[in-house]
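A.B. asks: Structure provided below as structure tokens; questions to follow.
Protein chains: 2
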Amino acid sequence: MSGRGIQFEINKHLCLKDPQMTNYGQKLISESIVLFHEIGFEQFTFRKLAAKMDSTEASVYRYFENKHTLLLWLICWYWEWVHYLIDINIKNIEDVERKLKIVIHNIVNASTESPLTSYINENMLHRVVINESSKTYHIHEVDVEEKHGHFKSYEELVAKVSSIIVEFNPKFKYPKILASNLFEMANNQIYFAEHMPDLTDIKNRKDKHIDLENAMVEMSFKLLS
Amino acid sequence: MSGRGIQFEINKHLCLKDPQMTNYGQKLISESIVLFHEIGFEQFTFRKLAAKMDSTEASVYRYFENKHTLLLWLICWYWEWVHYLIDINIKNIEDVERKLKIVIHNIVNASTESPLTSYINENMLHRVVINESSKTYHIHEVDVEEKHGHFKSYEELVAKVSSIIVEFNPKFKYPKILASNLFEMANNQIYFAEHMPDLTDIKNRKDKHIDLENAMVEMSFKLLS
DNA sequence: TGTATAAAGATAGTAAAACTATCTTACTTT
DNA sequence: AAAGTAAGATAGTTTTACTATCTTTATACA
């Protein structure tokens with residue numbers, strides 16, 4: 070066992086054995102982030118992951134049922150981490166405008182915070198979230214998975230942001246729409262800037278995260294004014 | 070050959086043979102919409118589709134390279150259809166506020182319009198778009214596909230909506246963000262209402278499309294005011 | 001120090017998915 | 001009637017997505 074850092078409680082149903090608890094599990098997590106990033110969800114296989122780890126398919130299957138639950142586990146970890154960042158960053162802050170700005174900063178820019186966990190490359194995981202996260206819930210079995218609480222991390226995070234929106238303007242009628250939309254927008258607009266530039270005003274420059282953050286702050290404040 | 074209705078020009082690279090031109094192709098399109106709707110993209114196979122059509126796998130492969138391009142073809146058809154609806158519905162309308170309202174109505178509610186093409190169930194196709202469309206561009210090969218113009222139908226539709234937003238308020242700084250966000254929001258919020266209710270204020274009732282339409286009009290007008 | 005036990009490695013095998021190839025039949029078009 | 005095209009029938013390949021079992025290695029605890 071090794072590895073600096075916090076552990077988050079991820080839904081037990083998502084893995085057969087907690088990868089945070091063993092060296093092998095931590096390596097599995099770190100290499101799967103790299104592999105998802107390199108080849109994408111569709112081309113990702115446990116065979117390729119095992120090869121990358123100098124291990125075997127059977128060993129990987131001892132931790133996760135399939136690549137879908139592995140991805141879901143990673144995405145949950147990511148949302149738990151963003152939730153944690155938001156919590157510590159808005160602690161003791163009274164001004165609700167500043168609070169909302171911090172929230173938006175952490176949604177768009179989480180990966181610029183200093184890393185917390187040695188075996189997780191938060192920056193690369195953020196890339197995986199942008200590219201693949203919508204696949205975790207756009208599935209035919211969505212209702213079963215939702216019943217098992219597989220989306221709880223995301224739902225709770227949206228609920229937190231929604232509560233801050235309500236605090237900002239208690240008369241605003243659509244706090245949950247705005248909250249979930251902030252998350253979807255953050256991922257989509259970065260993706261569009263990189264791959265489908267006609268769909269966004271954000272230019273694919275180094276500072277695109279900052280540009281997007283500014284746009285999102287501006288639009289949110291206008292909506293809530 | 071048979072079948073009432075308009076034909077749209079769909080990118081030639083998406084199919085090996087235009088399914089709109091033959092009886093077999095039209096049946097392929099209509100049955101694939103049903104099958105995508107029934108079992109979702111991941112479980113969908115050409116073998117199952119062929120069985121449903123009382124045909125063979127090899128015959129299906131004569132029209133489409135794989136299920137990904139078939140889905141993309143369907144989604145493109147859908148956006149061409151929505152584009153067409155918007156064009157005829159805003160024709161001769163001067164008032165830009167009314168224009169934007171019609172646009173939003175057609176984005177959220179397209180499938181309530183009377184059907185145009187005998188072998189396409191627009192309502193069911195709308196369901197497929199809500200459930201699966203994000204998978205067409207969240208792929209590792211996105212840059213190649215974008216270069217081949219596979220997303221042109223969507224991009225042009227977003228451009229049209231963006232131009233109406235500019236007309237509404239020429240000073241608004243993020244017309245493309247708002248336009249693409251309207252489409253993403255329309256799909257997501259309906260999906261959330263049905264499967265992840267904590268993520269939206271829209272209740273999963275019969276009139277949810279109308280509720281969402283109202284919310285989207287309200288928010289857009291506030292942003293553009 | 002020896003023994004239990006659990007974690008991972010090695011190997012093998014299956015069913016289905018995702019194609020490719022080829023040959024035949026049926027229907028049109030000229 | 002001949003030629004051409006579309007679809008059916010059949011078969012085969014590679015890869016994916018698992019499952020099973022047996023062996024080895026590391027750890028732990030008594």
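Chains as they are written, first to last, in my numbering: chain A, 70 to 294; chain L, 70 to 294. Idealized CB from N, CA, C, for every residue including glycine.
Quick one: any contact between the stretch 235-246 of chain A and the stretch 262-277 of chain L, if contact means 3 or more CB pairs under 8 angstroms?
C.D. replies: Yes, the stretch 235-246 of chain A is in contact with the stretch 262-277 of chain L.
A.B. asks: Should residue 81 of chain A go down as buried or exposed, given a rule of 16 or more other Cβ atoms within 10 Å for buried?
C.D. replies: The residue in question, residue 81 of chain A, is exposed, as its Cβ has fewer than 16 Cβ neighbours within 10 Å.
A.B. asks: Cβ-heavy atom distance between residue 114 of chain L and the ligand ATP below 7 angstroms?
C.D. replies: Ligands are entirely absent from the displayed structure, and the ligand ATP is therefore not among its contents.
A.B. asks: Apart from the five residues on each side of it in sequence, which residues of its chain come closer than 7 angstroms, Cβ to Cβ, to residue 174 of chain A?
C.D. replies: The answer, listed in chain order, is 282.
A.B. asks: Are any of the Cβ atoms in chain L nearer than 8 angstroms to that of residue 147 of chain A?
C.D. replies: Judged by the 8 angstroms Cβ criterion, residue 147 of chain A is not in contact with chain L.
A.B. asks: At the 8 angstroms Cβ level, is residue 284 of chain A part of the contact set with chain L, yes or no?
C.D. replies: Yes, residue 284 of chain A counts as interfacial toward chain L.
A.B. asks: If you measure from the beta carbon of residue 244 of chain A to each beta carbon in chain L, is any gap under 8 angstroms?
C.D. replies: Yes, because at least one Cβ of chain L sits closer than 8 angstroms to the Cβ of residue 244 of chain A.
A.B. asks: In chain A, which residues lie with their C-beta within 7 angstroms of the C-beta of residue 258 of chain L?
C.D. replies: Those within 7 angstroms of residue 258 of chain L in chain A are 246.
A.B. asks: How would you write the range of the alpha helix (DSSP H) that residue 15 of chain A sits in, first residue to last?
C.D. replies: Residue 15 of chain A is absent from the model: chain A starts at 70 and stops at 294.
A.B. asks: Flag this pair as yes or no: are the beta carbons of residue 264 of chain A and residue 211 of chain L separated by less than 8 angstroms?
C.D. replies: Yes. Within cutoff.
A.B. asks: Is any beta-carbon of chain L found at less than 8 angstroms from that of residue 228 of chain A?
C.D. replies: With 8 angstroms as the cut-off, residue 228 of chain A counts as an interface residue toward chain L.
A.B. asks: Please list, in chain order, the chain L residues whose beta carbon lies closer than 7 angstroms to that of residue 307 of chain A.
C.D. replies: This structure does not reach residue 307 of chain A, given that chain A is present from 70 up to 294, and the question cannot be answered.
A.B. asks: Going along the chain, which residues of its own chain have a beta-carbon closer than 6 angstroms to the beta-carbon of residue 236 of chain A, five neighbours each way excluded?
C.D. replies: Counting only Cβ-Cβ distances below 6 angstroms, and skipping sequence neighbours, we find 165.
A.B. asks: Kindly indicate if chain L contains any beta-carbon less than 8 angstroms away from that of residue 112 of chain A.
C.D. replies: Interface residue, yes.
A.B. asks: Could you check the C-alpha separation between residue 72 of chain A and residue 91 of chain A for me, to the nearest Å?
C.D. replies: Confidence at residue 72 of chain A is low in this model, with a pLDDT of 48, below 50, so its placement is unreliable and the value that follows should be read with caution. When rounded, the distance between both Cα atoms is 10 angstroms.
A.B. asks: First and last residue of the alpha helix (DSSP H) that includes residue 113 of chain L?
C.D. replies: First-last for residue 113 of chain L: undefined, no H or E at that position.
A.B. asks: Mind listing the chain L neighbours of residue 109 of chain A? Cutoff is C-beta to C-beta under 7 angstroms, in chain order.
C.D. replies: By Cβ distance, chain L contributes 208, 209.
A.B. asks: Considering residue 289 of chain L, what are the terminal residues of the alpha helix (DSSP H) in which it resides?
C.D. replies: It spans 277-293 - the alpha helix (DSSP H) in which residue 289 of chain L sits, taken as one unbroken run.
A.B. asks: Using a Cβ-Cβ cut-off of less than 9 angstroms, list which residues of the stretch 128-142 of chain A approach chain L; keep chain order.
C.D. replies: Result list: 137.
A.B. asks: Assuming residue 115 of chain A contacts residue 129 of chain A (C-beta within less than 8 angstroms), just tell me the rounded distance between them.
C.D. replies: 5 angstroms between Cβ atoms; contact.
A.B. asks: Based on Cα-Cα distance, which residue from L:77, L:84, L:168 lies nearest to residue 217 of chain L?
C.D. replies: Of the candidates L:77, L:84, L:168, the one whose C-alpha sits nearest the C-alpha of residue 217 of chain L is L:84.
A.B. asks: Please report how far the alpha carbon of residue 258 of chain L lies from the alpha carbon of residue 246 of chain A, in whole angstroms.
C.D. replies: Approximately 7 angstroms, taken between the alpha carbons.
A.B. asks: I'd like to know if residue 250 of chain A contacts chain L, where contact means its C-beta is closer than 8 angstroms to some C-beta of that chain.
C.D. replies: Answer yes: the Cβ-Cβ gap between residue 250 of chain A and chain L drops below 8 angstroms somewhere.
A.B. asks: Pick out whichever of A:144, A:124, A:119 has its Cα sitting closest to the Cα of residue 78 of chain A.
C.D. replies: Considering only alpha carbons, the answer is A:144.
A.B. asks: Taking 8 angstroms as the cut-off, does the stretch 149-158 of chain A touch the stretch 214-232 of chain A (at least 3 CB pairs, one atom from each stretch)?
C.D. replies: Taking 8 angstroms as the limit for Cβ pairs, the verdict is that the stretch 149-158 of chain A does touch the stretch 214-232 of chain A.
A.B. asks: Using only alpha-carbon positions, find the residue among A:137, A:135, A:106, A:248 that is nearest to residue 195 of chain A.
C.D. replies: Looking at the Cα atoms, A:106 is the closest of the given residues.
A.B. asks: If you drop the 5 nearest sequence neighbours on each side, which residues of the same chain put their C-beta closer than 6 angstroms to that of residue 222 of chain A?
C.D. replies: If we look at residue 222 of chain A and ignore the five residues flanking it on each side, its Cβ neighbours are 145, 148, 149.
A.B. asks: What's the call for residue 204 of chain L, buried or exposed, on a 16-neighbour Cβ count within 10 Å?
C.D. replies: The residue is buried, with at least 16 neighbouring Cβ atoms inside 10 Å.
A.B. asks: Between residue 170 of chain L and chain A, is any beta-carbon pair separated by less than 8 angstroms?
C.D. replies: No, residue 170 of chain L does not count as interfacial toward chain A.
A.B. asks: Rounded to whole angstroms, what is the Cα-Cα separation between residue 266 of chain L and residue 123 of chain A?
C.D. replies: Their Cα atoms are separated by approximately 42 angstroms.
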